[in-house]
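This report refers to the structure that appears directly beneath it.
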Amino acid sequence: YDSKKSGGYTSSHLRFGDQPITSPYLVTTPDFVACHVPSYVDKYDVLKGLKAGGSFLLNSVHDAETTCRTLPDHMKAYLAKNKINFYIINATKIAAELGLGSRTNTIMQSAFFKIAGVIPFEKAVEEMKHAILKSYGKKGEEIVNMNYAAVDAGGDAVEKIEVPAEWASIEDKGFVQTSDASRPEFVRSIVDPINGLKGDDLPVSAFNGREDGTWDNGTAAWEKRGIAVNVPEWKVENCIQCNQCAYVCPHAAIRPFLATEEEAAASGLEWKQGLGETKAWKFRIQVSPLDCVGCNNCVDVCPAKEKALVMKPLESQMPQAANWTYVTEKIGYKQVVDKTKSVKNLQFAQPLFEFSGACAGCGETPYIKAISQLFGDKMMVANATGCTSIYSGSAPSTPYCTNDKGQGPAWANSLFEDNAEFGLGMHVGVEKLRNRIQETMEAAIASCEKCSDELKGVMKEWIEARGSSSRSAEVTARLVPMLEACGCDYCKKILEMKDWLVKKSQWIIGGDGWGYDIGFGGVDHVLASGEDVNILVVDTEVYSNTGGQSSKSTPVGAVAKFASSGKRIRKKDLGAIAMTYGYVYVAQVSIGASQMQLFNVLKEAEAYPGPSLVIAYAPCINHGIKGGMTRTQTVGKQAVECGYWHLWHYNPQLEAEGKNPFVLDSKEPDWSKFRDFLMKEVRYTSLQKAFPAEAAELFEAAEENAKWR
Numbered sequence: 274y275d276s277k278k279s280g281g282y283t284s285s286h287l288r289f290g291d292q293p294i295t296s297p298y299l300v301t302t303p304d305f306v307a308c309h310v311p312s313y314v315d316k317y318d319v320l321k322g323l324k325a326g327g328s329f330l331l332n333s334v335h336d337a338e339t340t341c342r343t344l345p346d347h348m349k350a351y352l353a354k355n356k357i358n359f360y361i362i363n364a365t366k367i368a369a370e371l372g373l374g375s376r377t378n379t380i381m382q383s384a385f386f387k388i389a390g391v392i393p394f395e396k397a398v399e400e401m402k403h404a405i406l407k408s409y410g411k412k413g414e415e416i417v418n419m420n421y422a423a424v425d426a427g428g429d430a431v432e433k434i435e436v437p438a439e440w441a442s443i444e445d446k447g448f449v450q451t452s453d454a455s456r457p458e459f460v461r462s463i464v465d466p467i468n469g470l471k472g473d474d475l476p477v478s479a480f481n482g483r484e485d486g487t488w489d490n491g492t493a494a495w496e497k498r499g500i501a502v503n504v505p506e507w508k509v510e511n512c513i514q515c516n517q518c519a520y521v522c523p524h525a526a527i528r529p530f531l532a533t534e535e536e537a538a539a540s541g542l543e544w545k546q547g548l549g550e551t552k553a554w555k556f557r558i559q560v561s562p563l564d565c566v567g568c569n570n571c572v573d574v575c576p577a578k579e580k581a582l583v584m585k586p587l588e589s590q591m592p593q594a595a596n597w598t599y600v601t602e603k604i605g606y607k608q609v610v611d612k613t614k615s616v617k618n619l620q621f622a623q624p625l626f627e628f629s630g631a632c633a634g635c636g637e638t639p640y641i642k643a644i645s646q647l648f649g650d651k652m653m654v655a656n657a658t659g660c661t662s663i664y665s666g667s668a669p670s671t672p673y674c675t676n677d678k679g680q681g682p683a684w685a686n687s688l689f690e691d692n693a694e695f696g697l698g699m700h701v702g703v704e705k706l707r708n709r710i711q712e713t714m715e716a717a718i719a720s721c722e723k724c725s726d727e728l729k730g731v732m733k734e735w736i737e738a739r740g741s742s743s744r745s746a747e748v749t750a751r752l753v754p755m756l757e758a759c760g761c762d763y764c765k766k767i768l769e770m771k772d773w774l775v776k777k778s779q780w781i782i783g784g785d786g787w788g789y790d791i792g793f794g795g796v797d798h799v800l801a802s803g804e805d806v807n808i809l810v811v812d813t814e815v816y817s818n819t820g821g822q823s824s825k826s827t828p829v830g831a832v833a834k835f836a837s838s839g840k841r842i843r844k845k846d847l848g849a850i851a852m853t854y855g856y857v858y859v860a861q862v863s864i865g866a867s868q869m870q871l872f873n874v875l876k877e878a879e880a881y882p883g884p885s886l887v888i889a890y891a892p893c894i895n896h897g898i899k900g901g902m903t904r905t906q907t908v909g910k911q912a913v914e915c916g917y918w919h920l921w922h923y924n925p926q927l928e929a930e931g932k933n934p935f936v937l938d939s940k941e942p943d944w945s946k947f948r949d950f951l952m953k954e955v956r957y958t959s960l961q962k963a964f965p966a967e968a969a970e971l972f973e974a975a976e977e978n979a980k981w982r
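What follows is the structure in structure tokens.
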């Protein structure tokens with residue numbers, strides 16, 4: 274399997290036998306192959322090695338006629354020449370109808386037993402249902418019954434396709450991975466083969482010049498996975514131009530664009546007149562259907578009376594793929610509004626974190642994306658191991674990218690436990706270089722006869738502004754041409770270090786398993802240092818990457834691995850601990866509850882001349898949210914409304930102004946909604962089902978702890 278959190282490639286190998294199996298290697302000549310993801314037929318050689326007379330089961334969203342018409346020629350030839358038994362099933366549709374979302378595994382397993390005949394099908398159904406009860410019994414009768422229905426449907430919906438004899442006359446050229454010449458050389462020679470499962474075939478020489486592990490940014494944009502079943506369609510007449518859909522999109526696959534009258538007319542696309550600050554421009558929301566993973570969050574958050582976004586089958590939206598390319602390449606990102614002024618304005622800025630391998634509906638990535646839009650052109654990231662590192666930097670896919678000036682986040686991952694120290698080291702190293710720049714400038718100001726008074730004046734401005742990202746950037750834009758024009762030894766030395774003239778935005782990112790637990794010692798050390806770094810903890814309240822183990826962030830009463838009967842002690846209050854220093858900027862945020870509070874906190878954290886800690890509530894697939902991850906933003910909102918999570922910030926600079934440094938940003942909770950909120954997540958309902966008496970006690974304790982906080 275690959276590193277994608279969901280929708281990625283997985284290949285399972287299984288052997289049956291009435292004798293002990295001693296083969297310690299993967300199956301190379303299978304009797305049966307099933308393809309669970311329809312798009313795989315165009316990306317991988319799914320029939321490779323399938324024995325003559327074997328069986329092939331395809332999960333297809335089309336009927337038999339359309340499926341046969343759209344199969345690649347090399348597959349048609351292989352099926353016919355090897356007399357393969359060909360079956361299809363629309364497991365995707367069945368799963369959606371049963372309320373299982375995109376989970377087709379049980380349906381496909383049932384279909385396998387129906388076709389393979391390794392044991393009587395009735396016996397297989399009996400055993401599968403027994404396993405379902407054992408696995409999901411604690412999660413509630415509804416989930417058990419849905420999976421029971423999936424078993425029944427899988428056996429009933431299998432359809433055998435008679436392979437046309439004429440397919441045997443098709444020339445079988447084998448599976449050929451295509452990579453057109455318009456793609457960058459690095460993508461064609463390294464990224465595409467690895468994504469196509471041909472990485473082991475690459476010679477060592479392919480990596481010449483990259484011995485240190487350096488990897489090109491932005492390679493995720495070339496994948497175009499097309500894994501969504503349904504993607505959003507923009508209804509131009511309903512759109513109120515709030516840009517909330519773009520703000521919350523976990524994968525940056527939906528964005529607003531501005532165009533001139535001429536650009537809009539030349540595009541041949543639908544646009545509408547802009548509003549407010551953008552009234553002189555044409556406005557359009559553009560979706561990238563091949564990068565969208567179909568989470569529905571954009572539709573969920575759309576505030577228009579008549580939704581401006583409607584989920585439609587991917588196939589119907591394929592023309593938008595070309596429109597995406599046109600708009601991003603020909604129209605581009607207009608810097609005509611101040612992105613630091615409002616959430617709406619920020620969405621016109623290019624995200625420098627896009628198309629990651631995160632789960633559909635991920636509650637973490639919108640925070641990282643927003644930071645990349647605000648500070649990405651001067652951003653450095655130290656990333657703790659966990660979900661945030663897996664979807665951010667697993668070869669060959671890198672979602673961190675650059676703008677048209679080649680500027681973008683510099684990213685690195687060390688270990689799980691030392692990320693805070695690693696990030697502090699990055700910051701200290703950069704400041705060491707900037708100190709050299711200042712020392713060189715001070716020497717030039719004092720003794721260089723070749724430097725003009727005007728140049729020396731700008732050098733003094735830089736020394737005063739070096740602690741501010743925005744001001745140092747403005748001064749640097751004027752300074753560099755003057756340094757180049759002067760050409761003295763001092764100026765040459767400064768130009769050698771010009772990449773460090775603009776103050777970097779240092780971010781240290783990880784989950785609660787890192788920030789609350791394994792890396793807490795480092796987090797505490799870095800906060801205590803007083804250095805100007807920013808820490809983001811995306812709080813899912815479990816170790817998400819390893820399957821949902823309990824962390825110190827897990828609240829009372831929640832069921833997680835290592836806390837199967839409910840957590841007995843309350844959630845660690847990381848924010849309160851950080852506030853005790855008195856000189857650390859600390860905040861708790863939830864993008865679903867208040868987009869503006871998050872926006873303001875990120876700006877304040879970056880501007881604060883010292884350590885900052887931002888703790889972000891992140892709904893997770895491990896929570897077992899009823900309705901799935903299609904309503905991540907709604908869950909974040911409800912968490913704050915009921916008092917489960919609180920919005921606040923602590924700014925030490927307010928104390929210097931004679932104000933209370935602690936500001937509670939959320940309204941007084943409606944505690945009557947607290948228990949209802951818990952009952953919408955399997956991590957709580959499973960406790961009530963298995964241990965009802967203990968659940969009542971622990972849920973009461975959870976509410977009391979929330980009130981105490």
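Counting the sequence shown from 1 gives a position; this note's numbering is that position plus 273. Glycine is no exception: its CB is placed at the ideal position from the N, C-alpha and C atoms.
Contact under 9 Å by Cβ, residue i with residue j
i	j	result
I443	A353	yes
A441	A325	no
S745	A880	no
Y360	F329	yes
S645	M652	yes
I558	V509	yes
Y673	G679	no
V574	C518	yes
K411	K962	yes
G427	A364	yes
Whole-Å CB distance - residue i paired with residue j, under 8 Å assumed
i	j	result
C660	S817	5 Å
M852	Y923	5 Å
F835	S823	5 Å
V521	Q911	That pair is no contact at about 15 Å.
A878	A860	7 Å
L875	A643	6 Å
A526	C565	4 Å
Which listed residue (the options) has its alpha carbon closest to that of residue i
i	options	result
G549	H524, P393, P466 and I513	I513
L951	V829, K316 and A849	V829
P562	G605, F628, L619 and K552	F628
A581	C522, E588, V572 and L587	V572
I362	G372, A369, H335 and D346	H335
I416	V955, Q680 and V857	V955
G491	K845, S667 and H286	S667
K940	P682, A866, E976 and G760	A866
A577	I604, N516, S478 and A537	N516
G636	P523, K356 and V799	P523
M348	V314, A369, N358 and S375	V314
G803	T903, H700 and A683	H700
V449	T533, K471, K729 and D650	K471
D291	N358, V391 and E370	V391
G499	E458, L587 and E439	L587
Burial state of residue i, where buried means 16 or more other Cβ atoms lie within 10 Å
i	result
L647	buried
K777	buried
E579	exposed
K302	Correcting the residue identity first, residue 302 is Thr in this sequence and not Lys. Classification of T302: exposed, given that the 10 Å Cβ count is below 16.
E496	buried
W944	exposed
S333	buried
E694	buried
W1010	Limits of the chain in this structure are 274 at one end and 982 at the other, which puts residue 1010 out of reach.
D812	buried
V477	exposed
T221	As displayed, the chain neither begins before 274 nor continues past 982, which places residue 221 out of reach and without an answer.
W981	exposed
V609	exposed
*Quick one: complete alpha helix (DSSP H) runs, 4+ long, within the stretch 573-630?*
592-599 and 616-619
_Please give the ranges of any alpha helix (DSSP H) in the stretch 456-481, keeping only runs that are unbroken, at least 4 residues long and fully inside the region._
465-468
*List in chain order: all unbroken beta strand (DSSP E) runs of 3+ residues lying wholly within the stretch 345-431.*
358-362
*asked:* Threshold first: 4 residues or longer. Then list the alpha helix (DSSP H) segments lying entirely within the stretch 279-351, N to C.
replied: 313-316 and 337-343
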